[in-house]
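Structure first, then comments.
Chains as they are written, first to last, in the numbering used here: chain G, 12 to 134; chain E, 4 to 235.
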């Protein structure tokens, strides 16, 4: 069973992401509403993929990404950034910090599903 | 409405928008009190920015491009304030008030299935305050830092200033460290509940993660209390 952590301060957005990915076999979802909560969830249970918003309260998504990549226990966990920031500078910065994929909102469910399948090795 | 993207989430969308708009209405009133001052409340500006950012993202997800576009302009003005490129002026606050009201009207129109209002005047008003040149030195509104690289997340400059100011005023500054565990979480003690508890006891200035000596995640909370308050 693979676990996907969905980190976004919007509960509606989190539900949309989970709904978009619900057809994935043998996958469970855990949610976080802030950067701190996302890091806490990572520390409590193994996670196979993080779908990470950038603009979150307390700790910004980029800070979460940097924290994840700097900690041995999480350094190799795939991170898919899901954000409204569609500019190339933000995309490049996230990829340079170690994000594995960068998707923008509004997203097409099929495209998100395709990205996640790839990152979970389900292609 | 049934053919809109994520149409099954429209009730969630309207409910969450109302929560954001209620917070925005309160926040804009607070911001109005600081109009024209040299120092702006970065926490308030950051919160307003994130709320408009969320409204933009959610509106885009359900296909309400007019609401998305309006939220984008509101977000842009807040970004300018956040980055010190604009001041909180009476004109800016007025634009926020008008923009928030327009946001409420657009969302209500979608909820009722009615025609949405013409947003061009309010969009122009928002673009005007966003682009308005500022007189004098930039206001001391620190950026919402995204943090330098490193294993832990550092305090932001405005957080450091706030803690220093509290200490200078004779208030107590506490550092509370919390190591999460499955056992504590099962007992209901986690970063969210601890944060809520600490906020009851004083002013929570920052909550940051770092990697402890044992290699695990630790959270450090920076709490300011009155001099006579007991330890948290």
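Note that CB positions come from ideal geometry on N, CA and C, so glycine has one too. The structure displayed is predicted, hence computed values, not measured ones.
- Classified as exposed, residue 32 of chain E has fewer than 16 neighbouring CB atoms from the shown chains inside 10 Å of its CB.
- Taking 7 Å as the cut-off between beta carbons, the residues of the region 51-62 of chain G near chain E are 51, 54 and 55, in sequence order.
- The C-alpha of residue 125 of chain E lies about 46 Å from the C-alpha of residue 179 of chain E.
- The beta carbon of residue 220 of chain E sits closer than 7 Å to some beta carbon of chain G.
- Contact between the region 23-30 of chain G and the region 7-15 of chain E is present: three or more C-beta pairs spanning the two stretches fall below 8 Å.
- Around residue 105 of chain G, the same chain offers 92 and 113 as residues with beta carbons nearer than 6 Å, after the five sequence neighbours per side are excluded.
- For chain G, the residues of the region 44-73 of chain E that bring a beta carbon within less than 7 Å of one of its beta carbons are 53, 56, 57, 59, 60, 61, 63 and 64, in chain order.
- In this structure, DSSP gives residue 48 of chain E a helical state, which the three-state scheme calls helix.
- The count of Cβ pairs closer than 8 Å, one atom from the region 75-82 of chain E and one from the region 42-56 of chain E, reaches three, so the stretches are in contact.
- At a beta-carbon threshold of 7 Å, the residues of chain G lying near residue 9 of chain E are 27, ordered along the chain.
- Contact with chain G is found for residue 16 of chain E, since one of that chain's Cβ atoms lies less than 7 Å from the residue's Cβ.
- Secondary structure note for residue 125 of chain E: its alpha helix (DSSP H) is the uninterrupted segment 123-134.
- Taking 7 Å as the CB threshold, residue 76 of chain E stays off the interface with chain G.
- Taking 7 Å as the cut-off between beta carbons, the residues of the region 89-110 of chain G near chain E are 95, in sequence order.
- For the pair residue 59 of chain E and residue 36 of chain E, the CB atoms are not nearer than the 7 Å cut-off.
- Contact between residue 64 of chain G and residue 94 of chain G holds, since their C-beta atoms are separated by about 6 Å, short of 8 Å.
- If you draw a straight line from the Cα of residue 99 of chain G to the Cα of residue 107 of chain E, it is about 32 Å long.
- Within 8 Å of the CB of residue 21 of chain G, the CB atoms of chain E belong to 19, 57, 60 and 61, in sequence order along the chain.
- Between residue 58 of chain G and residue 88 of chain G, the gap from beta carbon to beta carbon is short of 7 Å.
- Chain-ordered, the chain G residues with CB closer than 9 Å to the CB of residue 185 of chain E read 55 and 56.
- DSSP places residue 35 of chain G in the coil class of the three-state scheme, outside both helix and strand.
- Across the structure, residue 176 of chain E and residue 167 of chain E are spaced so that their CA atoms are roughly 9 Å apart.
- Residue 85 of chain G has a beta carbon lying at 7 Å or more from every beta carbon in chain E.
- Judged by beta-carbon spacing, residue 214 of chain E lies within the 7 Å limit of residue 82 of chain G, meaning their Cβ atoms are closer than that value.
- Under a 10 Å Cβ-count criterion, residue 103 of chain E is classified as buried, with 16 or more other Cβ atoms of the shown protein chains found around its own Cβ.
- For residue 180 of chain E, the enclosing beta strand (DSSP E) covers residues 175-181.
- Neighbourhood of residue 212 of chain E in chain G, by CB distance below 9 Å: 46, 47, 50, 51, 54, 70, 74, 75 and 78, in chain order.
- Inclusion of residue 57 of chain E and residue 21 of chain G in the CB contact set at 7 Å is warranted, their separation being smaller than that value.
- Assignment of residue 206 of chain E by DSSP, reduced to helix, strand and coil, places it in the strand class.
- A direct Cα-to-Cα measurement between residue 113 of chain E and residue 119 of chain E gives close to 7 Å.
- Close to residue 12 of chain E, with beta-carbon spacing below 7 Å, are these residues of chain G in chain order: 23, 26 and 27.
- With a cutoff of 7 Å on beta-carbon distance, residue 34 of chain E and residue 101 of chain E are scored as not near each other.
- Rounded to the nearest whole angstrom, the CA to CA distance from residue 28 of chain E to residue 224 of chain E is 29 Å.
- By the neighbour-count criterion, in which 16 or more other beta carbons inside 10 Å mark a residue as buried, residue 31 of chain G falls on the buried side.
- In the three-state reduction of the DSSP assignment, residue 14 of chain G falls in the strand class, which pools E and B.
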